[in-house]
Amino acid sequence: MVFFLGLLKVVHFFALFLGGGSAFGMAVIGMTAPTVSTEHHQTLAAMAKKFKIISHTAIGLLLLSGLLMVIFGGYFPGVSAWFWVKMLALAVLIFGIIQAGKFAAIALEGDAAAGARAEMFGKMNIAALVVILIAAVLAFG
Ligand code: HEM
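For the sequence shown, the working numbering gives the first residue as 1, with consecutive numbering after it.
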């Protein structure tokens, strides 16, 4: 069981790197899109699509490994209130990832207003990620 829980923790952290990296990758694409000519937008769109797949996989792995750790790790009852702060920020992050992906796709078709919204959701996602990290450390660190 100790090995299994350790393995889940490794998966949890690996997914965290994947998700964090792709969130910054998406933000960089968002910042770059308005500064390059439209002929490059197709390349950026292809990159955004890949980052989207990576970030969705990362969230899936985080949810799965986190859930399994909670079930088999004996964290309940008596889990810290910070755990619930983490779950709330996680809900915000999942909502934000969906919205950012949706508006980024519209933006790459040349809609500047959608670009601004994608950037706004991108920033919100990074803020949610920071809250999740702080809450995770306060809950389990
Ligand atoms: C974006 C999503 C998530 C991020 C960024 C994240 C991040 C983290 C981090 C940084 C830690 C290490 C804390 C420390 O040891 O100081 C951690 C641990 C943990 N997380 Fe998550 N987490 C996420 C989702 C979840 C979910 C959905 C669950 C459960 C439903 C969960 C359950 C846990 C548990 C049980 C631990 C403790 C592991 C241990 O030290 O034994 N996490 N998480």
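C-beta: ideal position from N, C-alpha, C; glycine also.
Please read these numbers as outputs of a predicted model, since none were measured by experiment.
- Collapsing the DSSP output to three states places GLU109 in coil.
- Between ligand 1 and the CB of PHE95, the shortest heavy atom gap is not smaller than 7 angstroms.
- The beta carbon of LEU44 is closer than 7 angstroms to those of ILE29, THR32, ALA33, LEU108 in its chain, skipping five residues each way along the sequence.
- The Cβ-Cβ distance between PHE83 and ALA139 falls below 8 angstroms.
- The nearest non-hydrogen atom of ligand 1 is 7 angstroms or more from the C-beta of ILE106.
- GLY6 and LYS86 have their C-alpha atoms spaced approximately 21 angstroms apart.
- Along the stretch 36-98, the alpha helix (DSSP H) occurs as fully enclosed runs of 4 or more residues at 41-73, listed in sequence order.
- In this structure, LEU63 has its beta carbon less than 7 angstroms from a heavy atom of ligand 1.
- Closer than 7 angstroms to some heavy atom of ligand 1: that does not describe the Cβ of VAL85.
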